[in-house]
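*Asks:*
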Amino acid sequence: MINVAIVGATGVVGKMFLKVLEEKKLNIDSYVLLASSKSKGKKVKFMDKEYIVEELTEHSFDNNRFQYALFSAGASVAEKYAKIAAQNGCIVIDNSSCFRMDKSVPLVVPQVNMEDAYDNFNIISNPNCSTIQAVIPLKVLDDKYKIKRVIYSTYQAVSGAGKKGIDDLLNNTTEKFQYPIVNNCIPQIDVFLDNGYSKEEMKMIEETRKILKKPRLPVTATCVRVPVLNCHSESISVELEYDFKIDDIKSLLNNSKGIIVLDDIKREIYPINTFVTGTDEVYIGRIRRDFSVENGINFWCVADNIRKGAASNAVEILENILKKT
Ligand SMILES: NC(=O)c1ccc[n+]([C@@H]2O[C@H](COP(=O)([O-])OP(=O)(O)OC[C@H]3O[C@@H](n4cnc5c(N)ncnc54)[C@H](OP(=O)(O)O)[C@@H]3O)[C@@H](O)[C@H]2O)c1
């Protein structure tokens, strides 16, 4: 029997877990939906059945009740309950930042480093949404041309900040963001650190190095919240070790798993949020040489932050583990 817990099932990512699981139809016998006390008893339609949401407690994982758990309930919930789940024989795939930089926890994007998850770990971390979509093309470029430096500038959707972030855009409130998100680009995602960077920027820098196994890779980032409902857009500049032909880069990316190149400037074609939303691929466009450095390229990268940036990535990890066992 394979029993799976969905922790944070009522949140933005949690609901997407349910949608992606419905689409994928994995070989799983039962699911239990867990959330805070606020949602206890709530009815949720899933897989043509009505599920009653349970409150997450210290006893939710008793008696080795689950073999796997998908967590998307924030870092403080993960800190406490993922460990309890793991102690009760459950493999946890966690969406929060809690364990991402823990050396003993693999940080996994299936298209990039799935092999890191196969070594009997009981907690596996899902990277930050903005990192996931970036490392997929970066890995492809690194394998052929060796990456020397990366500059990220992000344009991140409000859905990346959960239910409250979406409400701030739809209702013009400031429950989640520091300033009204309507009509503003806010150059702050998460709190600021002593080094002048935001936590989101440092997550992108450190997670990129960990996933690509390049601990000293020069990476810098500026992360900005923009008044867009869904899909993160990123301008990525990369310096490569080896020279390249721009058409070779375009076909290399286009022939890589999980990437779709939309790049035809004559016809004004490039990735756009409302087109990308609802998909699991990373869309790349505006691929061009960066004339300001040797062997540099610039490109535009868009992905659905709730799907590939969170739920689909975690479910793909689970799917691959299930295939192996
Ligand atoms: N949104 C994204 O693009 C994205 C991408 C990657 C990673 N993530 C990460 O995924 C996690 C969830 O994000 P989200 O956007 O889905 O947030 P959200 O919409 O605010 O949902 C949070 C979920 O966590 C549950 N929860 C909160 N406190 C809890 C507690 N004490 N015990 C049990 N459940 C609790 C909530 O339950 P109630 O409904 O009962 O309050 C809800 O189901 C965060 O760690 C976030 O950083 C989000």
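Just so we're on the same page, our numbering is the position in the sequence shown counted from 1, plus 57. By construction, the Cβ of each residue, glycine as well, lies at the ideal position given by its N, Cα and C atoms.
1. Helix, strand or coil for residue 60? Go by DSSP, reduced to three states.
2. For the alpha helix (DSSP H) that residue 202 lies in, which residues bound it at each end?
3. Examine ligand 1 and report whether any of its heavy atoms sits within less than 6 Å of the Cβ of residue 70.
4. If the criterion is Cβ atoms closer than 7 Å, does the pair residue 113 and residue 150 meet it?
5. So, at 6 Å on beta carbons, what are the nonlocal neighbours of residue 368 in its own chain, with the 5 sequence-adjacent residues on each side left out?
6. Give every residue of the same chain whose Cβ lies closer than 8 Å to the Cβ of residue 120, excluding the five residues on either side of it in the sequence, and list them in chain order.
7. Is residue 273 helix, strand or coil when you go by DSSP?
8. With DSSP collapsed to three states, give me the class of residue 235.
9. Closer than 8 Å is the cut-off here; do at least three beta carbon pairs connect the segment 59–68 with the segment 342–361?
10. Mind the definition here: the segment 336–349 touches the segment 315–322 only if three or more C-beta pairs lie below 8 Å; say whether that holds.
11. According to DSSP, is residue 252 part of a helix, a strand, or is it coil?
12. Run the CB neighbour count on residue 231, radius 10 Å, all protein chains shown included, and call it buried at 16 or more, exposed below.
13. Under the rule that 16 or more other beta-carbon atoms within 10 Å means buried, what is residue 106, buried or exposed?
14. So does the segment 276–287 actually touch the segment 214–227, counting three or more Cβ pairs closer than 8 Å?
*Replies:* If we stick to the structure as given:
1. strand
2. 186–202
3. yes
4. no
5. 70, 73, 74, 77
6. 145
7. Correct three-state label for residue 273: coil.
8. coil
9. no
10. Yes, the segment 336–349 is in contact with the segment 315–322.
11. coil
12. exposed
13. exposed
14. yes
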